[in-house]
Each structure stands twice: as structure tokens, then as C-alpha cells.
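A.B. asks: In the working numbering, the protein residues as written are 218 to 527. Before I ask anything, let me first share the structure, which is written out below as C-alpha cells.
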Amino acid sequence: MNPSIHQDKVVGIIDHHALQSKTIVTDKPIYIDIRPWGSMSTIIAHTFITHGRRPAKHIAGMLLCAILSDTLNLLGPTTTDWDRLMVAVLAEIAGVDDIQLLASQQFKAKSRELAHLSAVALVNGDQKSFSFDASGFKGEVGFAVVETTDDDIIMDRASELLPEMVACKKEKGYDCLFLAVVNIVKLHSKLLICGPKELALAQDAFGGDLTNDYTVMDLGKRVSRKKDYIPVLTRTIKNGWTKPSGVHRGPSQVELSELGHLEVDPVDPYGNVKRTGSVLQGKKGISFSLKEGEKAGDAEESNEDAPTID
Numbered sequence: 218m219n220p221s222i223h224q225d226k227v228v229g230i231i232d233h234h235a236l237q238s239k240t241i242v243t244d245k246p247i248y249i250d251i252r253p254w255g256s257m258s259t260i261i262a263h264t265f266i267t268h269g270r271r272p273a274k275h276i277a278g279m280l281l282c283a284i285l286s287d288t289l290n291l292l293g294p295t296t297t298d299w300d301r302l303m304v305a306v307l308a309e310i311a312g313v314d315d316i317q318l319l320a321s322q323q324f325k326a327k328s329r330e331l332a333h334l335s336a337v338a339l340v341n342g343d344q345k346s347f348s349f350d351a352s353g354f355k356g357e358v359g360f361a362v363v364e365t366t367d368d369d370i371i372m373d374r375a376s377e378l379l380p381e382m383v384a385c386k387k388e389k390g391y392d393c394l395f396l397a398v399v400n401i402v403k404l405h406s407k408l409l410i411c412g413p414k415e416l417a418l419a420q421d422a423f424g425g426d427l428t429n430d431y432t433v434m435d436l437g438k439r440v441s442r443k444k445d446y447i448p449v450l451t452r453t454i455k456n457g458w459t460k461p462s463g464v465h466r467g468p469s470q471v472e473l474s475e476l477g478h479l480e481v482d483p484v485d486p487y488g489n490v491k492r493t494g495s496v497l498q499g500k501k502g503i504s505f506s507l508k509e510g511e512k513a514g515d516a517e518e519s520n521e522d523a524p525t526i527d
């Protein structure tokens, strides 16, 4: 749970995700409503209806937009009949005649905003961590998602995103960190891979085609962290996945003190937070290989200018 939230202030939980380890521990009973639906806002809308209350027009509009966002306009794999029903009800209350147009405008606006975000914001924005305690792997896996109508704009910034992923991984103490870039129009995604351990796990879990010196994997039609990404990683790890013996850390190790610091960009009109003074910035790129007879990490060892990762 976000450290800014004081657990003793939490009086209830309404959610549509599984409860993960280290989510919350309470001293007294609290209200909990968790359902396997496509959006938390579907649960809230349903609660309005079952209590015989009609949400105000502006509330209905916000709930409607939230459901469309969570379910990728009711096309995502987590969509349920309850989501479809609540969208129809909320659209009537909010006075929305064209749901498709609303979803399209919403997704375009979201993508325009993403284009102005810094690498720090993209990597840390929609990021969640998952704890594992299996026979072959014990640790934390971070998984970030960027949803956009134009994935090329984000993928063109891979040279910025990969070093920031390495820095974020080090700062938060993750064992692995992934970033999936999802095209919410084509319902297609790509996975950014920032280290040899991530590469080995992604190959065993997803097995997609690799490009860009093994730093990008094609995930095909997988678009949902809740249904497509984390369950597959969890199953792979619980089935006994271990880091292959041929995958090892690079020869040097980045210290926290070498990652620079975060500051608000004084010349950015959007007030973006950027990283400055990191040894990872301005490097020639990150490349990995698990080819037969070649250990992952050899690329880093053969390039003195390459950033240090694991």
C-alpha cells in the first residue's frame, strides 16, 4: 500500500483486484467489498443502484469514464456483464448518447498527456509491486503499465525508460521490474526489459519475440496486468522458476548514491519531475543475450560505457 496512506485511517476497501501480500493489516474489522469485475467504479455504481439511490449526473459521468478506462472500452479481458450493464445505466443518467465517442476522446486525451510525461513519471506512474515466496524465487517484482493510443511515441523513448527502470528497481529494492506499453486501440502490448534476470523470467513466462537487443518483447494481445501479466508470472514462479545459471550480475554494481536525484524540471511547462546526475544517463544503451554459448550480461561486460544492471 502507498506509504502516504495511514493504515489506521482506513475504514473500508472497495476494489476489483486480488489482495496481495503486504496490502494492509488492520487492528479492527473494516468494510471490504472486493468483486472480480472489470472496475472498482462498477462496484460503486452497483451499490448506488442496489441501495435505491440515483447518482448525480456528474458522479455518473465520472464512474462511467472510470469503467471505460479500466475495461478498455469494455473490450479488455477483465470486462464482465456487470461492467456492461453499469455502463448502460450510467450513460443514461449522465446523458451520454455516444459511448464509443466518449471512450475515444478519453483515450486520446490520456495519450496526449502521456506524451509530455518524463521517464520518471512513466516508469513510476501506474506501477505495482508483487511479493513472491516460492521454492526457486523469493523477492519483489515491480510491474508498470503505460496505456496509450500510440505506442510508438512511448517506445521511441526506450533509451530514456530503460535506465530509469534500472534506477527505480535499485531505489525500491525490486528483484525484477517490467514495463508494459499497451496500445488500447489495437489491444496489443510490448514489454520493456531492463536486465538479464527480467529477460530470463519474461522468456519463461511469455515467450514473445525479442527485438532491440533483447530489451523489447512482443506480448501480443495480452493487455491486462490483472489477468494477462501477473497471473502468468505468478504461475511461472510458483512452478519452480529460478534464475538460470547462465544469467548473472554485471561486473560492477550501481550504488544508490550514483543514481543522482529527482527534481522538478525548472524549464518544463508541465512541471515534470526528472532525474539528474545519474551514472545511467547518457549511456549507449542496454543489450542482453541468452543465446546458446553466450551468457546474459556479456554485452555489459564488453562495453565499458554500458550502465550497470542486474
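Think of the CB as a built atom: it goes at the ideal place given N, C-alpha and C, for glycine as much as any other residue. As the structure is a computational prediction, the values presented were derived from the model and not from experiment.
(1) Excluding five sequence neighbours on each side, which residues of the same chain lie with their C-beta closer than 6 Å to the C-beta of ASP426?
(2) For LEU236, count neighbouring Cβ atoms within 10 angstroms of its own Cβ and tell me buried if that reaches 16, exposed if not.
(3) Please classify SER328 as buried or exposed, where buried requires at least 16 neighbouring CB atoms within 10 angstroms.
(4) Cutting at 7 Å between CB atoms, please list the residues of its own chain near ALA332, excluding the five before and the five after it.
(5) With a threshold of 7 Å on Cβ separation, who are the neighbours of ASP232 within its own chain once the five nearest residues in sequence on each side are excluded?
(6) State the Cα-Cα distance for the pair LEU379 and ASP485, rounded to the nearest angstrom.
(7) Out of LEU450, THR453, ASN456, VAL399, state which residue places its alpha-carbon closest to the alpha-carbon of VAL433.
(8) Applying the criterion that 16 or more other CB atoms from any shown protein chain within 10 Å of the CB defines a buried residue, is TYR446 buried or exposed?
(9) If we ignore side chains and look at the alpha-carbon of each, how far apart do VAL227 and ASN489 end up?
(10) Could you pull out every residue in the same chain whose Cβ sits closer than 7 Å to the Cβ of HIS223, ignoring the five residues on either side in sequence?
(11) Please name the residue in GLY255, ASP315, ALA326 whose C-alpha comes closest to that of MET303.
(12) Taking the continuous beta strand (DSSP E) assigned at ASP480, which residues delimit it?
(13) In whole angstroms, give me the CA-to-CA distance for ALA277 and ILE310.
(14) Under 8 Å between the Cβ atoms of LYS528 and GLY312?
(15) Name the DSSP beta bridge partners of LEU427, please?
(16) What is the residue span of the alpha helix (DSSP H) that LEU307 lies within?
(17) Which residue wins for smallest C-alpha separation from VAL383, given the options VAL440, HIS234, VAL337, ALA283?
(18) Just confirm the distance between the C-beta atoms of PRO483 and ALA417, as a whole number of angstroms; I'd bet it's less than 8 Å.
(19) Please identify the residue among VAL362, GLY269, SER352, LYS389 whose C-alpha is closest to the C-alpha of GLY342.
C.D. replies: Let me spell this out:
(1) ASP435
(2) exposed
(3) buried
(4) ILE370
(5) Correct list, in chain order: ILE251, MET257.
(6) A straight-line Cα-Cα distance of about 22 Å links LEU379 and ASP485.
(7) VAL399
(8) Buried, because 16 or more other Cβ atoms sit within 10 Å of the Cβ of TYR446.
(9) 30 Å
(10) Result list for HIS223: empty, nothing under 7 Å.
(11) GLY255
(12) Before going further, note that residue 480 is Glu rather than Asp in the sequence given. That run of the beta strand (DSSP E) goes 478-481.
(13) 6 Å
(14) Since the first residue of the chain shown is 218 and the last is 527, residue 528 is not available in this structure.
(15) MET434
(16) 298-311
(17) VAL337
(18) The Cβ separation is near 41 Å, so there is no contact.
(19) VAL362
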